[in-house]
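Number of protein chains: 2
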Amino acid sequence: MVRPTMEDVAARAGVSRALVSLVMRNSPKVSDQRRAAVLLAAEELGYEPHVMARSLASRTSTVLGVMVSDLRNAFFADVVEGLDAAAQAAGFNLILNTGGRSPVRERAALRSLLSFRPAGLILLSPVVPAAAIDDAAGQCPVVLVSRTSRSADVDTVNDDGEAGSALAVDHLVRLGHRRIAHLDGGGAATAASRRRGYRQAMIGHGLEPIVIGSEHTDSAGEKAVRELLMQYSPPILPTALLAGNDFNAVGAISGLEEAGLRVPEDVSVVGYDNTSLAALRHLSLTTVDQPRTEMGRLAVEALLERVREERTEPVRHLLHPSLVVRSTTAAP
Amino acid sequence: MVRPTMEDVAARAGVSRALVSLVMRNSPKVSDQRRAAVLLAAEELGYEPHVMARSLASRTSTVLGVMVSDLRNAFFADVVEGLDAAAQAAGFNLILNTGGRSPVRERAALRSLLSFRPAGLILLSPVVPAAAIDDAAGQCPVVLVSRTSRSADVDTVNDDGEAGSALAVDHLVRLGHRRIAHLDGGGAATAASRRRGYRQAMIGHGLEPIVIGSEHTDSAGEKAVRELLMQYSPPILPTALLAGNDFNAVGAISGLEEAGLRVPEDVSVVGYDNTSLAALRHLSLTTVDQPRTEMGRLAVEALLERVREERTEPVRHLLHPSLVVRSTTAAP
DNA sequence: TCTATTGATTAGAGCGCTCTAATCTTGTAG
DNA sequence: CTACAAGATTAGAGCGCTCTAATCAATAGA
Chain A
153 MVRPTMEDVA ARAGVSRALV SLVMRNSPKV SDQRRAAVLL AAEELGYEPH
203 VMARSLASRT STVLGVMVSD LRNAFFADVV EGLDAAAQAA GFNLILNTGG
253 RSPVRERAAL RSLLSFRPAG LILLSPVVPA AAIDDAAGQC PVVLVSRTSR
303 SADVDTVNDD GEAGSALAVD HLVRLGHRRI AHLDGGGAAT AASRRRGYRQ
353 AMIGHGLEPI VIGSEHTDSA GEKAVRELLM QYSPPILPTA LLAGNDFNAV
403 GAISGLEEAG LRVPEDVSVV GYDNTSLAAL RHLSLTTVDQ PRTEMGRLAV
453 EALLERVREE RTEPVRHLLH PSLVVRSTTA AP
Chain B
153 MVRPTMEDVA ARAGVSRALV SLVMRNSPKV SDQRRAAVLL AAEELGYEPH
203 VMARSLASRT STVLGVMVSD LRNAFFADVV EGLDAAAQAA GFNLILNTGG
253 RSPVRERAAL RSLLSFRPAG LILLSPVVPA AAIDDAAGQC PVVLVSRTSR
303 SADVDTVNDD GEAGSALAVD HLVRLGHRRI AHLDGGGAAT AASRRRGYRQ
353 AMIGHGLEPI VIGSEHTDSA GEKAVRELLM QYSPPILPTA LLAGNDFNAV
403 GAISGLEEAG LRVPEDVSVV GYDNTSLAAL RHLSLTTVDQ PRTEMGRLAV
453 EALLERVREE RTEPVRHLLH PSLVVRSTTA AP
């Protein structure tokens, strides 16, 4: 279990430790002959540089700290995949902590990540107070995903929820729908802008918004539909639903089917997030797609710009969502 | 962005660096008075120990390397959640890499993880050859999840796929099914034992196994059902299907419905993994549950036992799955 | 008074690497 | 044959910490 060090490689290759260091960082100022000898020795010994020692000595870090509230949410899992791909491509590694939507746990997670002296921090939809984030931003660059910030030290990457909702409403109106209800995402970070977008789009079309309180879960979607059906009977029942997210939409569909209503013949349903769920042929859910891997990529890019000190102005990425039309929407 | 060091704290508290070090590791051999002074100084400066420097100096690591093939798979996401919870509780941190089911990328990921000199490695369903794993095991303790190993240096945590399949078959037989087909998971790491369990259970019940080649995706499930329908017409059509996993099951359900067959009235379907998908009321899939968070916990536990050198014998956890009966199974 | 003994504190080396500055080799021009 | 620039190599300090062994202070025993 005791691994060779640079010194071992140097001894075997008959050169100094400094030369091995140069070869390992593939510096151009090493003769081909020596380089070959060093690489051979390293190969024979199974030597790999010690990243931690390297970053200590060089006063740089190749670690990006990532805090994700909940990996079970496919949306975050996708973003993390995007982060990892971009980080690996740039020679960085992710150190991951889960915060579990608890401010206390998130604080601990932040401290833990910072103690690695990461090159930067990426926080996915954190729930800690802005002060805690600004505090972290004093120690290293910070990028927020799915959360806004007013701090000049913090970059953000968000989906344009207003535009996404508008896309969905426009699609439904174009199909001929007039009574379109929105199942609100409650306290979720993304809920407010989606609701706002829905309201504006409805008013823009001269239609009356109908917002039903819900959550980003399938059971909440089912419950919301039951409430809806209590308030509105078939003649005035909304002919289309814009759910808070895909899970919510699936729940809503169940609720509708249980009540004997067919989707999309009687009621059209649109989700949000385009999770793998929506793509299942069994569901084939019309939904709003957020470019998740792209969000991960942009987050890493923004972070590295700060790390390399190429930029000091904050960046606010507002990504444009797109509508994926599948089989849960049709003319009323 | 330049953070204080132990030296700074020592100077401010009027003590030596070594004393600060003792306080930070809360050693008992420090007088209360000094301890208070040091903690105060640290607090005032916002000092936090530098984990990398610490592990370099102490020749120990608090980092666990995790390689996951695909975070989009909810199964792995759940296991990672379990890993993180257990690791955090033990004062360890996860450094995460995705391997994307590609041996080449996985090899790179392994090297990258090892260059951190982690305390140990946890590999979720890796596809690299056993030799590469044994090689890694020569550098630090390794635990495999959802993959077997014959190496004495490697611990494993697996779900008992044979038992899981048997559970499903028994359930179906008890409902009165006689013609039960299995949609095979193809090259997936878990497919072989599930198929074996299916075969044995069928033979045990005096029934003839029917295995249809498939994959662990929903589109493959749909395709497999089409093939099945080509080979077997209604009178001899299997009345129940054991899919390779939940995704596969959902695809199979779509295929059946498209062919005008109802689930579970005409054909019962059982999935495997109990992903969040299965729990959706809309699907309400009968499936085999693997205790995923528990698997994560056990993996960390096994790793730490090796790290602490409490054990040298390999451990083979074979977790007992359970059947979650929902709405896709009924009497034929 | 002097020496043990115990507990608290510190000096200093060293973990595996990087980086600056110094040194050693060449090749080439004068 | 010497001088010198350019390229190749190395010595050595230092990154922020831990750890061993040494030092120091205070009390107790003879």
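Going down the list, the sequences are from chains A and B.
Numbered per my numbering, the first sequence spans residues 153 to 484.
Numbered per my numbering, the second sequence spans residues 153 to 484.
Virtual Cβ for every residue (Gly too), placed ideally from N, Cα, C.
At a cut-off of 8 angstroms, the C-beta of P201(B) has a neighbouring C-beta in chain A.
In this structure, I364(B) sits away from A344(B), with a CB-CB distance that is not shorter than 8 angstroms. The three-state reading of DSSP puts I364(B) in strand, counting E and B together.
Here D307(A) is not near D286(A), since their CB atoms are 8 angstroms or more apart.
Of the residues assessed, Q291(B) falls on the buried side of the cut-off, its CB having 16 or more other CB atoms within 10 angstroms. When only Cα atoms are considered, V172(B) and G243(A) end up about 34 angstroms apart. Taking a Cβ-Cβ cut-off of 9 angstroms, the neighbours of R224(A) in chain B comprise A226, A229, D230, E233, S428, given in sequence order. Taking D418(B) as reference, the option from T369(B), L450(B), R253(B), I388(B) with the minimal CA-CA separation is I388(B). Not one beta carbon of chain B lies nearer than 8 angstroms to the beta carbon of L324(A).
Each residue's CA atom was taken as its position, placing A482(B) and L276(B) some 34 angstroms apart.
Of the residues assessed, T214(B) falls on the buried side of the cut-off, its CB having 16 or more other CB atoms within 10 angstroms. Only residues of its own chain outside the window of five on either side were considered, and among them L394, V422, V440, L475 have a CB closer than 7 angstroms to the CB of A320(B), listed in chain order. Put simply, of E195(B), A260(B), A163(B), I405(B) the residue whose alpha carbon is nearest the alpha carbon of Q240(A) is A260(B). Looking at the DSSP output, A333(B) shares a beta bridge with I362(B), L393(B). Residues of chain B with a Cβ closer than 9 angstroms to the Cβ of E417(A) do not exist, since the nearest Cβ in that chain sits about 16 angstroms away.
Taking 8 angstroms as the CB threshold, Q291(B) lines the interface with chain A. For L208(A), the chain B residues whose C-beta falls within less than 7 angstroms of its own C-beta are M204, A205, L208, listed in chain order. Under the criterion of beta carbons closer than 8 angstroms, I247(B) and V280(B) do not qualify as touching, at roughly 18 angstroms. The CB of L275(A) never comes closer than 8 angstroms to any CB in chain B; the least such distance is about 16 angstroms. Around I405(B), the same chain offers V415, V421 as residues with beta carbons nearer than 6 angstroms, after the five sequence neighbours per side are excluded. As for any alpha helix (DSSP H) of minimum length 4 sitting wholly inside the segment 406-461 of chain B, the runs are 428-431, 444-459, ordered along the chain. For the segment 391-404 of chain A, the beta-carbon criterion of a distance under 8 angstroms to any beta-carbon of chain B is satisfied by F399, V402, G403.
When DSSP states are grouped into helix, strand and coil, N400(A) belongs to the helix group. Residue burial annotation: G272(A) is buried, with at least 16 other C-beta atoms found within 10 angstroms of its C-beta. Counting only Cβ-Cβ distances below 7 angstroms, E374(B) has contacts in chain A at R433, in chain order.
DSSP places H323(A) inside the alpha helix (DSSP H), whose first and last residues are 313-327.
In the structure shown, D286(B) falls within a helical segment according to DSSP collapsed to helix, strand and coil. Non-local beta-carbon contacts of R257(A) in its own chain, meaning distances under 6 angstroms to residues more than five positions away in sequence, involve G251 in chain order. Here DSSP, grouped into helix, strand and coil, assigns R468(A) to strand. With contacts defined by Cβ atoms closer than 8 angstroms, T427(B) and D398(B) form a contacting pair. Under the 8 angstroms criterion on CB atoms, N245(A) is classed as interfacial with respect to chain B. In the DSSP annotation of this structure, the continuous segment of the alpha helix (DSSP H) that includes G234(B) starts and ends at 226-241. Under the Cβ criterion (8 angstroms, minimum of three pairs), the segment 225-238 of chain B counts as touching the segment 449-465 of chain B.
Under the 10 Å beta carbon count, N178(B) is surrounded by fewer than 16 other beta carbons and is classified as exposed.
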